[in-house]
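There are 2 protein chains.
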Amino acid sequence: MIAEPPVAPASGTASECKALGQIIDRIADKWAVMVVGHLSQAESLRFNGLMRAIPGVSHRMLTLTLRGLQRDGIVSRTAFATIPPRVDYALTALGRSLTEPLSQLALWAGDHQSEIEAARQHYNDEAARDD
Amino acid sequence: MIAEPPVAPASGTASECKALGQIIDRIADKWAVMVVGHLSQAESLRFNGLMRAIPGVSHRMLTLTLRGLQRDGIVSRTAFATIPPRVDYALTALGRSLTEPLSQLALWAGDHQSEIEAARQHYNDEAARDD
DNA sequence: CAGCATCCGTAAGGATACTG
DNA sequence: CAGTATCCTTACGGATGCTG
Numbered sequence: 004m005i006a007e008p009p010v011a012p013a014s015g016t017a018s019e020c021k022a023l024g025q026i027i028d029r030i031a032d033k034w035a036v037m038v039v040g041h042l043s044q045a046e047s048l049r050f051n052g053l054m055r056a057i058p059g060v061s062h063r064m065l066t067l068t069l070r071g072l073q074r075d076g077i078v079s080r081t082a083f084a085t086i087p088p089r090v091d092y093a094l095t096a097l098g099r100s101l102t103e104p105l106s107q108l109a110l111w112a113g114d115h116q117s118e119i120e121a122a123r124q125h126y127n128d129e130a131a132r133d134d
Numbered sequence: 004m005i006a007e008p009p010v011a012p013a014s015g016t017a018s019e020c021k022a023l024g025q026i027i028d029r030i031a032d033k034w035a036v037m038v039v040g041h042l043s044q045a046e047s048l049r050f051n052g053l054m055r056a057i058p059g060v061s062h063r064m065l066t067l068t069l070r071g072l073q074r075d076g077i078v079s080r081t082a083f084a085t086i087p088p089r090v091d092y093a094l095t096a097l098g099r100s101l102t103e104p105l106s107q108l109a110l111w112a113g114d115h116q117s118e119i120e121a122a123r124q125h126y127n128d129e130a131a132r133d134d
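In the order they appear, the protein sequences are chains A and B. Just add 3 to wherever you are in the first sequence, counting from 1, and you've got our numbering. Just add 3 to wherever you are in the second sequence, counting from 1, and you've got our numbering.
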């Protein structure tokens, strides 16, 4: 696609995004999002409960994810001194507050899923034209 | 932390999250979020403009990110046949619609940043107690 | 059942150099 | 200036086995 050069040189505001990037790293974790999503609609879940709820997660990844979320104060961990042992994970107040913006994103995702797929199709079509 | 076992066994709804996971993979990209964030407040930007705007991004990663976003119909690419060459990147309508939920998340991030840091501090304190 | 440690394969990502 | 290709390092992430 070729066009004529515009006059406006475009200027970016690079200040507020830096701190944002730190958080993105934290949120932009597939498993973390899944865990928060499930906990948001289930009061509390046990370790294997989450394992079963989240399709492709490995034992290891779930552990790491939960520790990370716990560390950031998103989820709370409650261990019961029973045999066999039992651990409940639940969202903290902070975690519940995260649920809202996250569900906004989920809504957007579901809403525009088909558009994205269509765009990909179109993109592939143009790529095929280079043969 | 030890507590007594509750009665409710907890049940999870594992249906709606599966499709969500597909999108998370797409959104959960640090650089992609940065690019969208910058383009959302700048009309259009050139390649090197984005490079300068986004602190830690490498030449390669920016290229890959832009191609991905372009492929998904989030950004549009406009090349000018000038010397030196010039390419403008801008958000598409789809990309602009993504801006809203994304800024929700950014707001949350800025809003709770201190809470997360506090939680981490607390977490580290408890870890240090195990020495 | 929950969690940690170890091993190991893969690929994500940075640096660099080259083309148009 | 914009983009591609190559190399090379790292750490992400899966499988497995052991402890409480």
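Cβ coordinates follow ideal geometry from the N, Cα and C atoms, glycine included.
Interface flag, residue i vs chain A, CB-CB below 8 Å
{"i": "residue 36 of chain B", "result": "yes"}
{"i": "residue 87 of chain B", "result": "no"}
{"i": "residue 118 of chain B", "result": "yes"}
{"i": "residue 43 of chain B", "result": "no"}
{"i": "residue 61 of chain B", "result": "no"}
{"i": "residue 65 of chain B", "result": "no"}
{"i": "residue 99 of chain B", "result": "no"}
Euclidean distance between Cα positions of residue i and residue j
{"i": "residue 102 of chain B", "j": "residue 37 of chain B", "result": "11 Å"}
{"i": "residue 9 of chain A", "j": "residue 124 of chain A", "result": "Caution is warranted here: a pLDDT of 42 is assigned to residue 9 of chain A, below 50, making its placement in the model unreliable, and no coordinate value can be reported."}
{"i": "residue 128 of chain B", "j": "residue 53 of chain A", "result": "27 Å"}
{"i": "residue 46 of chain B", "j": "residue 72 of chain B", "result": "16 Å"}
{"i": "residue 34 of chain B", "j": "residue 57 of chain B", "result": "8 Å"}
{"i": "residue 31 of chain B", "j": "residue 130 of chain A", "result": "25 Å"}
{"i": "residue 107 of chain B", "j": "residue 27 of chain B", "result": "16 Å"}
{"i": "residue 104 of chain A", "j": "residue 98 of chain A", "result": "11 Å"}
{"i": "residue 116 of chain A", "j": "residue 94 of chain B", "result": "17 Å"}
{"i": "residue 92 of chain A", "j": "residue 110 of chain B", "result": "26 Å"}
{"i": "residue 44 of chain A", "j": "residue 55 of chain A", "result": "15 Å"}
{"i": "residue 40 of chain B", "j": "residue 112 of chain B", "result": "14 Å"}
{"i": "residue 85 of chain B", "j": "residue 114 of chain A", "result": "39 Å"}
{"i": "residue 64 of chain A", "j": "residue 122 of chain B", "result": "21 Å"}
{"i": "residue 62 of chain A", "j": "residue 126 of chain B", "result": "22 Å"}
{"i": "residue 74 of chain A", "j": "residue 87 of chain B", "result": "49 Å"}
{"i": "residue 48 of chain A", "j": "residue 83 of chain A", "result": "13 Å"}
Counterpart residues of residue i in DSSP-defined beta bridges
{"i": "residue 163 of chain B", "result": "Here chain B has residues from 4 to 134 only, and residue 163 of chain B is not among them."}
Beta carbon proximity, residue i to chain B, threshold 8 Å
{"i": "residue 75 of chain A", "result": "yes"}
{"i": "residue 131 of chain A", "result": "no"}
{"i": "residue 128 of chain A", "result": "no"}
{"i": "residue 69 of chain A", "result": "no"}
{"i": "residue 94 of chain A", "result": "no"}
{"i": "residue 17 of chain A", "result": "Any reading at residue 17 of chain A must be qualified, since the residue scores a pLDDT of 41, below 50, and its modelled position is unreliable; the value itself is stated next. It does: the Cβ of residue 17 of chain A has a partner Cβ on chain B nearer than 8 Å."}
Residue interval of the alpha helix (DSSP H) (run including residue i)
{"i": "residue 31 of chain B", "result": "Per DSSP, residue 31 of chain B belongs to no alpha helix (DSSP H) and is neither H nor E."}
{"i": "residue 71 of chain A", "result": "62–74"}
Among the options, nearest to residue i - alpha-carbon criterion
{"i": "residue 89 of chain B", "options": "B:81, B:96, B:95", "result": "B:81"}
{"i": "residue 42 of chain A", "options": "A:118, A:87, A:69, A:59", "result": "A:69"}
{"i": "residue 59 of chain B", "options": "A:87, A:64, A:66, A:24", "result": "A:24"}
{"i": "residue 79 of chain A", "options": "A:50, A:87, A:28", "result": "A:50"}
{"i": "residue 100 of chain B", "options": "B:62, B:76, B:122", "result": "B:76"}
{"i": "residue 29 of chain A", "options": "A:116, A:67, A:61", "result": "A:67"}
{"i": "residue 119 of chain A", "options": "B:121, B:96, B:55, B:112", "result": "B:96"}
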